[in-house]
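J.:
Number of protein chains: 2
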Amino acid sequence: MKNFKFYNPTKIIFGEGTIKEIAGEIPREARVLLTYGGGSIKRNGVFDAVQSALSGRTVDEFGGIEPNPTYETLMRAVEMIRRGGHDYLLAVGGGSVIDGVKFIAAAVPYEGDPWEIVQSYGAKIKKSLPFGTVLTLPASGSEMNNGAVITNRALNAKLPLAHPSLFPRFSVLDPKVTYSLPPVQIANGVVDAFVHVMEQYMTYPVGAKLQDRFAEGLLLTLVEEGPRALTEPENYDVRANLMWCATLALNGLISAGVPQDWATHMIGHEMTTLCGLDHARTLAIVLPALWEIRSAEKKEKLLQYAERVWEITAGDEQARIDAAIARTREFFKSLQVGTRLCDYNLTEAIIPTIVERLKAHNMTKLGEKRDVTPELAEAILRQCL
Amino acid sequence: MKNFKFYNPTKIIFGEGTIKEIAGEIPREARVLLTYGGGSIKRNGVFDAVQSALSGRTVDEFGGIEPNPTYETLMRAVEMIRRGGHDYLLAVGGGSVIDGVKFIAAAVPYEGDPWEIVQSYGAKIKKSLPFGTVLTLPASGSEMNNGAVITNRALNAKLPLAHPSLFPRFSVLDPKVTYSLPPVQIANGVVDAFVHVMEQYMTYPVGAKLQDRFAEGLLLTLVEEGPRALTEPENYDVRANLMWCATLALNGLISAGVPQDWATHMIGHEMTTLCGLDHARTLAIVLPALWEIRSAEKKEKLLQYAERVWEITAGDEQARIDAAIARTREFFKSLQVGTRLCDYNLTEAIIPTIVERLKAHNMTKLGEKRDVTPELAEAILRQCL
Chain G
-12 MKNFKFYNPT KIIFGEGTIK EIAGEIPREA RVLLTYGGGS IKRNGVFDAV QSALSGRTVD
48 EFGGIEPNPT YETLMRAVEM IRRGGHDYLL AVGGGSVIDG VKFIAAAVPY EGDPWEIVQS
108 YGAKIKKSLP FGTVLTLPAS GSEMNNGAVI TNRALNAKLP LAHPSLFPRF SVLDPKVTYS
168 LPPVQIANGV VDAFVHVMEQ YMTYPVGAKL QDRFAEGLLL TLVEEGPRAL TEPENYDVRA
228 NLMWCATLAL NGLISAGVPQ DWATHMIGHE MTTLCGLDHA RTLAIVLPAL WEIRSAEKKE
288 KLLQYAERVW EITAGDEQAR IDAAIARTRE FFKSLQVGTR LCDYNLTEAI IPTIVERLKA
348 HNMTKLGEKR DVTPELAEAI LRQCL
Chain S
-12 MKNFKFYNPT KIIFGEGTIK EIAGEIPREA RVLLTYGGGS IKRNGVFDAV QSALSGRTVD
48 EFGGIEPNPT YETLMRAVEM IRRGGHDYLL AVGGGSVIDG VKFIAAAVPY EGDPWEIVQS
108 YGAKIKKSLP FGTVLTLPAS GSEMNNGAVI TNRALNAKLP LAHPSLFPRF SVLDPKVTYS
168 LPPVQIANGV VDAFVHVMEQ YMTYPVGAKL QDRFAEGLLL TLVEEGPRAL TEPENYDVRA
228 NLMWCATLAL NGLISAGVPQ DWATHMIGHE MTTLCGLDHA RTLAIVLPAL WEIRSAEKKE
288 KLLQYAERVW EITAGDEQAR IDAAIARTRE FFKSLQVGTR LCDYNLTEAI IPTIVERLKA
348 HNMTKLGEKR DVTPELAEAI LRQCL
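Those sequence lines, one after another, are chains G and S.
-12 is the number of the first residue of the first sequence in our numbering; add one for each residue after it.
-12 is the number of the first residue of the second sequence in our numbering; add one for each residue after it.
#1: How far does the beta strand (DSSP E) with Leu146(S) in it extend, from its first residue to its last?
#2: Counting only C-beta atoms, is Thr165(G) closer than 8 Å to chain S at any point?
#3: Given this structure, state the Cα-to-Cα distance separating Thr190(G) from Glu287(G), to the nearest angstrom.
#4: Could you check where the beta strand (DSSP E) with Arg18(G) kicks off and where it finishes?
#5: Do the segment 140 to 150 of chain G and the segment -8 to 12 of chain G meet, that is, are 3 or more Cβ pairs less than 8 Å apart?
#6: Kindly say whether Leu290(G), judged by its beta-carbon, lies nearer than 8 Å to any beta-carbon of chain S.
#7: Within the segment 27 to 74 of chain S, note down every full beta strand (DSSP E) run reaching 3 residues or more, in order along the chain.
#8: Output the distance between the C-alpha atoms of Lys7(S) and Ala40(S), rounded to the nearest integer angstrom.
#9: With a threshold of 7 Å on Cβ separation, who are the neighbours of Pro220(G) within its own chain once the five nearest residues in sequence on each side are excluded?
#10: For chain S, check one thing: does any of its Cβ atoms lie closer than 8 Å to the Cβ of Trp249(G)?
#11: Going by beta carbon distance, what residues of the same chain come within less than 7 Å of Thr251(S), once the five residues before and after it are set aside?
#12: Are the C-beta atoms of Met185(G) and some chain S residue less than 8 Å apart?
#13: Please decide whether Arg200(S) counts as near chain G, where near means a Cβ-Cβ distance under 8 Å.
#14: Using the beta-carbon of each residue, which ones in chain G are nearer than 9 Å to Ile(-1)(S)?
#15: CB-CB under 7 Å to His348(S), same chain, minus the five flanking residues each way: which ones, in chain order?
#16: Just how far apart, CA to CA, sit Pro14(S) and Ala94(S)?
#17: Which residue or residues does DSSP assign as beta-bridge partners of Asn139(S)?
#18: Hey, would you say Leu116(S) sits closer than 8 Å to Tyr58(S), going by beta carbons?
#19: Count the other CB atoms within 10 Å of the CB of Thr259(G); is the residue buried (16 or more) or exposed (fewer)?
#20: Hey, quick one: how far does the beta strand (DSSP E) through Phe154(S) stretch, first residue to last?
#21: Mind checking which residues open and close the beta strand (DSSP E) that includes Thr120(S)?
#22: What's the gap between the Cα of Asn228(G) and the Cα of Lys163(G)?
#23: Beta carbons nearer than 9 Å to chain S: which residues of the segment -2 to 22 of chain G have them?
#24: Do Gly213(G) and Leu322(G) have their C-beta atoms closer together than 8 Å?
#25: Do the segment 337 to 346 of chain S and the segment 307 to 327 of chain S touch if we need at least three Cβ pairs shorter than 8 Å?
#26: Looking at the secondary structure, which residues open and close the alpha helix (DSSP H) in which Ile91(G) lies?
#27: Give the interface partners of Leu235(S) over in chain G, defined as CB-CB distance under 9 Å, in chain order.
#28: In its own chain, which residues sit with a C-beta less than 8 Å from the C-beta of Asn(-10)(S), not counting the 5 before and 5 after it?
#29: Alpha carbon to alpha carbon, what distance is there between Ile104(G) and Ile112(G)?
#30: Trp231(S) CB to nearest chain G CB: under 8 Å?
#31: Going straight from the alpha carbon of Lys142(S) to that of Tyr108(S), what length do you get?
#32: According to DSSP, is Ala78(S) part of a helix, a strand, or is it coil?
#33: Across which residues does DSSP place Phe181(G) in a beta bridge pair?
#34: So Val121(G) packs on Val37(G), CB below 8 Å; how close in whole Å?
#35: Would you kindly work out how many angstroms separate the C-alpha atoms of Ala311(S) and Val184(S), rounded to a whole number?
#36: Which residue marks the beginning of the alpha helix (DSSP H) containing Lys(-8)(S), and which one marks its end?
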């Protein structure tokens, strides 16, 4: 096992009817900016529940944070706060709204060009405004970590950042608020959480048996509950399990003491900015293809995954690995998520641009061994066809 | 799944050679009281490593905190701090030293009789001194939670307390410092962690699939690594897995959203104060006996445990439950830990006193359904013979 630090001070408030508890978490004298996305929270009752919980406080709104939140949009919120003097932020939404509020929280007190925050992957942050979240979409895990991914439309860049000051003070997770989500968003969320686990699990063994068991526990639960979340959209326990899985998939727990990959994410980010493909769909395409190209380097873990998650024990090693990759693609397909570029009418014509952009964003040594070069990324992308 | 709150701000610093990192965690101007137990830290290099990391700070010592730390001993540290003006505590030891420092941290600023802190199970605490820990014995999980168990020798009482102000600010977990532990302490630690998991897992199902998987992951890892920790005492990964298991067994994660039992612990506490039996040994005696008496109420989880941890799938339900209980006793015995009162030359003569003491300590409605009465506790104790 590798040495590690684990620190995660976010308070989770989980369960039905818990939105009202934000009243106890945000100071009474706070000047709150409530941020949200496309406005579904105004139709499903979440906005009203939040407003009711915050009654008595000054609350302004900033809506319209888009999927893959952009620097351009978020800077408008930064300017609004600098004018309005808000001192507490509340993100009500999914990963994009929460990622967005993290950038806003860091950018408001930042002296200098706020894009430097993203360019430095967060290293230049000195302090951030406090913020909480009300999660409406289980997927990204952003509600219990200190990372974010921000898109710069002008630069065609989608880049990650992280900083110790960017943990939410609290996050409210009420599984019932997910009942009204469109199936496509639930499916994307399951895939997103599943691939988050894989980026921290499917590397090489370092004797970290408990982290492996926890990762496999997340995968088994996502495999069991993901399809049920689509067929039984108002099954509370299914939605609760999915929500807690998505949070614990990326809160630092299963990555403690183990190597991490993240090449699938970095290649997928370029696919999203170039083609507009949903984040989760890029992951469902790249992950199995990457495994096929990297099966020798990931052999031990692929075999362990085959046995413990899919109960594949028959056949030689290559046959078991092939079967595990096939079962993974079938799982994504069972959620109506395509696993090939052709499923989205994309061809090899996009590959050179993706490879060029990886180079432009310094993504030239990806993966757990830093050996996924642009050439190897190209081979992986050809495997996605 | 039940509604829950999860909050755990303890920073974990894990791995070989990490004791030096406490220098970055304790303020330079702090006046530190270093607390420890029997003094083994002065023979195995841990004390020197801590002193070296703290050089430049005022550091006083308070040694001699005993297993099952007593109010009487701890109050001497409280008086020492009130005289000396220490403002940061550092516990260097196992669960007893860490539990002890939690009581000290709460008692120093407490206005009134400090025993009220324990009598109220922590409810009367208003604030606590900050403290960190250097863990030397993986077992109790106290290094990453806000609970403690304190013994009052004069009152023959061993009682639990907890408070949000009692999370360690940081805990250093270096698996190498456990190499020199006597085998009996390692064995006790494995049993302690195993039964901590069981108190949160072996109840009744509430559809919390991920919590179940995480609990099973802890159990499987303890079953794999526990015996190896005895036969391969300097296998780093084995000791690392054991240490991380013991911490995550009782940090609030696997109890989130599920019912908890803890009857085994409460009965075991009385056994320790009456007979001087090691804490873990009381648990190894009571747990299987409690399951035998409560197998109808715990049927679903016992069957799940049988299948997922011991791969027991043959036979009817009762046969599988019996086999799982038998395997559990064998596991404890493989660690040289007895599972019957007679293994410690104890007879039924002790049972009436234990039952009386449970009544005296208001432990009259134990278990996940609060239906373990003193009469039922007596039946469980007879099953321990």
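Idealized CB from N, CA, C, for every residue including glycine.
T.: So, from the listed chains and residues:
#1: For the purposes of this step, residue 146(S) is identified with residue 159 of the second sequence, where counting begins at 1. Segment Ala144 to Ala149, the beta strand (DSSP E) holding Leu146(S).
#2: On the first sequence, residue 165(G) is found 178 positions in, with the first residue counted as 1. Not closer than 8 Å to any Cβ of chain S, the Cβ of Thr165(G) fails to qualify, so no.
#3: The count along the first sequence starts at 1 and reaches residue 190(G) at position 203. The count along the first sequence starts at 1 and reaches residue 287(G) at position 300. Taking the straight line joining both Cα atoms gives about 9 Å.
#4: On the first sequence, residue 18(G) is found 31 positions in, with the first residue counted as 1. First-last of the beta strand (DSSP E) with Arg18(G): Arg18 to Thr22.
#5: no
#6: If you number the first sequence from 1, residue 290(G) lands on position 303. No, because no Cβ of chain S sits closer than 8 Å to the Cβ of Leu290(G).
#7: 45 to 49, all fully within the segment 27 to 74 of chain S.
#8: Numbered from 1 along the second sequence, position 20 holds the residue referred to as residue 7(S). Numbered from 1 along the second sequence, position 53 holds the residue referred to as residue 40(S). Looking at the two C-alpha atoms, the distance is approximately 5 Å.
#9: By one-based count along the first sequence, residue 220(G) stands at place 233. Cβ within range, chain order: Tyr166.
#10: Start at 1 with the first residue of the first sequence, and residue 249(G) comes out as number 262. With 8 Å as the cut-off, Trp249(G) does not count as an interface residue toward chain S.
#11: Sequence index remark: in the second sequence, residue 251(S) carries index 264 (1-based). For Thr251(S), same chain residues with a beta-carbon under 7 Å away, outside a window of 5 residues either side, are Val182, Glu186, Leu270, Val273, Leu274 and Leu277 in chain order.
#12: The count along the first sequence starts at 1 and reaches residue 185(G) at position 198. Met185(G) does not count as touching chain S.
#13: The sequence position of residue 200(S) within the second sequence is 213, counting from 1. True, the Cβ-Cβ gap to chain G drops below 8 Å.
#14: Position 12 of the second sequence, counting from 1, holds the residue named residue -1(S). Phe(-9), Lys(-8), Phe(-7), Tyr(-6) and Ala243, listed in chain order.
#15: Indexing the second sequence from 1 puts residue 348(S) at position 361. Same-chain partners within the cutoff: Ala144 and Leu146.
#16: The sequence position of residue 14(S) within the second sequence is 27, counting from 1. The sequence position of residue 94(S) within the second sequence is 107, counting from 1. Pro14(S) and Ala94(S): Cα-Cα distance of roughly 22 Å.
#17: Counted from its first residue, the second sequence places residue 139(S) at position 152. Per DSSP, Ala144(S).
#18: Here residue 116(S) is taken as the residue at index 129 of the second sequence, counted from 1. Here residue 58(S) is taken as the residue at index 71 of the second sequence, counted from 1. Against a cut-off of 8 Å, the Cβ pair of Tyr58(S) and Leu116(S) comes out as no contact.
#19: Taking the first sequence and counting its residues from 1, the one referred to as residue 259(G) is at position 272. It is buried - the Cβ of Thr259(G) has at least 16 other Cβ atoms within 10 Å.
#20: Stepping through the second sequence from its first residue, residue 154(S) is reached at position 167. Taken as a continuous stretch (DSSP letters only), Phe154(S) belongs to no beta strand (DSSP E), as it is neither H nor E.
#21: The residue labelled residue 120(S) in the question sits at position 133 within the second sequence. Here the beta strand (DSSP E) through Thr120(S) covers Phe118 to Leu122.
#22: Here residue 228(G) is taken as the residue at index 241 of the first sequence, counted from 1. Here residue 163(G) is taken as the residue at index 176 of the first sequence, counted from 1. Their backbone Cα atoms lie some 12 Å apart in a straight line.
#23: Lys(-2), Ile(-1), Ile0, Phe1, Gly2, Glu3, Gly4, Thr5 and Glu8
#24: By one-based count along the first sequence, residue 213(G) stands at place 226. By one-based count along the first sequence, residue 322(G) stands at place 335. It is a contact, given that the beta carbons lie within the stated cut-off.
#25: no
#26: Residue mapping note: residue 91(G) aligns to position 104 of the first sequence, counting from 1. Taken as a continuous stretch (DSSP letters only), the alpha helix (DSSP H) holding Ile91(G) covers Gly82 to Ala94.
#27: What you label residue 235(S) is simply residue 248 of the second sequence in a count that begins at 1. Ordered by position in chain G, the residues that pass the 9 Å Cβ test against Leu235(S) are Leu197, Phe201 and Leu240.
#28: Position 3 of the second sequence, counted from the start, is the residue given in the question as residue -10(S). Only Gly244 meet the Cβ criterion.
#29: If you number the first sequence from 1, residue 112(G) lands on position 125. If you number the first sequence from 1, residue 104(G) lands on position 117. In a straight line, the C-alpha of Ile112(G) is about 6 Å away from that of Ile104(G).
#30: Translated into positions along the second sequence, residue 231(S) becomes position 244. True, the Cβ-Cβ gap to chain G drops below 8 Å.
#31: By 1-based counting over the second sequence, the position of residue 142(S) is 155. By 1-based counting over the second sequence, the position of residue 108(S) is 121. Checking the displayed sequence, the identity of residue 142(S) turns out to be Leu instead of Lys. Approximately 15 Å, taken between the alpha carbons.
#32: Here residue 78(S) is taken as the residue at index 91 of the second sequence, counted from 1. DSSP places Ala78(S) in strand when its eight states are reduced to three.
#33: What you label residue 181(G) is simply residue 194 of the first sequence in a count that begins at 1. DSSP lists no partner for Phe181(G).
#34: Position 134 of the first sequence, counting from 1, holds the residue named residue 121(G). Position 50 of the first sequence, counting from 1, holds the residue named residue 37(G). Contact flag correct, Cβ pair sits at about 6 Å.
#35: Numbered from its first residue, the second sequence carries residue 311(S) at position 324. Numbered from its first residue, the second sequence carries residue 184(S) at position 197. About 16 Å.
#36: In the second sequence, counting from the first residue as 1, residue -8(S) sits at position 5. It is not in any alpha helix (DSSP H) - Lys(-8)(S) instead sits in the beta strand (DSSP E) that spans Phe(-9) to Phe(-7).
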